[in-house]
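Colleague: Sharing a structure here in structure tokens format.
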Amino acid sequence: MKGHVLDLVITRSFSSIVSSTSAYPSSISDHYSVVFRLSSASPVPPRAVKQLRDFRGLDFVRLETDLSSHLASVDTTLDVNTMVGQCEHAVLPTIDLHAPLTVRMKVCRRKEPWYTHEDRALKLRRANEKRWRSTKLEVHRQIFVEHRTAVNNMIKRAKRAHYESVLSSLDQRTCFRVVTTLLKPSGIILPHSSNTDALCNDFVTYFAEKTQTIRMQIRTTLTNDEDYSNDSGPGSQRLSNELDRLLPTSEKEIKNVIRLRPPKTL
């Protein structure tokens, strides 16, 4: 673990994330160095289906001819909605013929706040990498390495400038909260399960049963209120859960409510 110090290595008994653990005496400190293998991969970003058409290699002369021949059958004497429907039926098959719809998988990455338009434009210029991987020439590899280094340095500068501006514009309490988030990022803790589908079904069953329990409790409460109202006699006031009117408040009451609130809620 380069650049990190671990005082203790703890894993679950059924987990195999840590292997080949051994301790070696250090010549610099009186602590032993714990060396181990960590079988943990980087989190895979989620993927989404993306539909697109390639309009770059179109033959516009042929496209214009096909559109003209298909749109000639549209009846211009009909109402607008009918004409729009006929135009759609005439244009879509032509577009599918010249630029068919293709489906691709898109990697959904989180947009970091320190990315600027210049950073995105520079990061998207990956032609050097593609050219090097296709030609395998040394000169193209050097160009790609220089480009990659420039992109990484620009991202580091943008990230540093972003957090400097954020920390300088916050109060002390919020500043400590941001620093804590940077030093100790909170992760999503889920119960250990070898079957993701089973874990999701357990969550669904739990919340469904909880919702059903709450509904039954509400029905029981309403039933008890009705029994109480019926047993109280004909002249008794019936219990109601409805809010039928609002009483006016005063400036003094509002001031008292504000004074009782903690400062962080104001």
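Quick note on the working numbering: the sequence shown kicks off at 88 and runs consecutively.
A virtual CB, placed ideally from N, CA and C, is assigned to each residue, including glycine.
Would a C-beta distance cut-off of 8 Å place Cys-195 and Arg-149 closer than the cut-off?
Modeller: no
Colleague: In three-state terms, what does DSSP make of Ala-237?
Modeller: helix
Colleague: For Ser-323 and Gln-259, what's the separation of their Cα atoms in angstroms?
Modeller: Note that Ser-323 has pLDDT 49, beneath the 50 cutoff, so the model's placement of it is unreliable and the number below is only indicative. Answer to the nearest angstrom: the Cα atoms are 58 Å apart.
Colleague: Pull the bridge partners of Gln-173 from the DSSP assignment, please.
Modeller: In DSSP, Gln-173 forms no bridge with anything.
Colleague: Bridge partners for Val-105 per DSSP, in chain order?
Modeller: Leu-125
Colleague: Alpha carbons only, please: which of Leu-224, Gln-138, Pro-187 is nearest the one belonging to Gly-144?
Modeller: Pro-187
Colleague: Rank Lys-193, Cys-287, Asp-162 by C-alpha distance to the C-alpha of Val-131 and give the top, closest one.
Modeller: Lys-193
Colleague: Report the three-state DSSP secondary structure of Val-96 (helix, strand or coil).
Modeller: coil
Colleague: Have a look at Val-96 and Thr-222 and give me their C-alpha separation to the nearest angstrom.
Modeller: The straight-line gap from Cα to Cα measures roughly 45 Å.
Colleague: Is any heavy atom of the ligand HEM found at a distance shorter than 7 Å from the C-beta of Thr-292?
Modeller: As presented, the structure is devoid of all ligands, the ligand HEM included, so that no description of it is given.
Colleague: Roughly how many whole angstroms lie between the Cα atoms of Ala-237 and Leu-270?
Modeller: 26 Å
Colleague: To which residues does DSSP link Pro-200 through a beta bridge?
Modeller: Bridge partners of Pro-200: none, in fact.
Colleague: Since Arg-143 is in the alpha helix (DSSP H), which residue starts that stretch and which ends it?
Modeller: Segment: none, Arg-143 is in no alpha helix (DSSP H) and carries neither H nor E.
Colleague: Alpha carbon to alpha carbon, how far is Ser-252 from Ile-104? Give it in angstroms, no decimals.
Modeller: 38 Å
Colleague: Find the nearest neighbour of Gln-138 within the set Arg-191, Leu-179, Ser-100, His-176, judged by alpha-carbon distance.
Modeller: Per the Cα distances, Arg-191.
Colleague: Leaving aside the five residues before and after Lys-342 along the sequence, list all residues of the same chain whose C-beta is less than 7 Å from its C-beta, in chain order.
Modeller: Nothing meets the Cβ criterion.
Colleague: If you drop the 5 nearest sequence neighbours on each side, which residues of the same chain put their C-beta closer than 7 Å to that of Arg-244?
Modeller: Once the five neighbours on either side are set aside, Arg-244 has no close Cβ partner at all.
Colleague: Lys-217 lies in the alpha helix (DSSP H); which residues open and close that run?
Modeller: 214–222
Colleague: Contact between the stretch 170–190 and the stretch 118–132: three or more CB pairs below 8 Å?
Modeller: no
Colleague: Apart from the five residues on each side of it in sequence, which residues of its chain come closer than 8 Å, Cβ to Cβ, to Asp-185?
Modeller: Asp is not the amino acid found at residue 185; the sequence shown has His there. For His-185, where only same-chain residues beyond five positions count, the Cβ hits under 8 Å are Leu-145, Asp-146, Arg-149, Leu-150, Asp-153.
Colleague: Tell me the residue span of the alpha helix (DSSP H) that contains Arg-191.
Modeller: Where Arg-191 is concerned, there is no enclosing alpha helix (DSSP H), although the beta strand (DSSP E) it sits in stretches over 189–194.
Colleague: Quick one: using the 10 Å Cβ neighbour count with 16 as the cut-off for buried, is Asp-331 buried or exposed?
Modeller: Exposed.
Colleague: Short of 7 Å in beta carbon distance, which residues of its chain neighbour Ser-256, apart from the five on each side in sequence? Order them along the chain.
Modeller: none
Colleague: What does Pro-112 pair with, by DSSP beta-bridge criteria?
Modeller: Tyr-119
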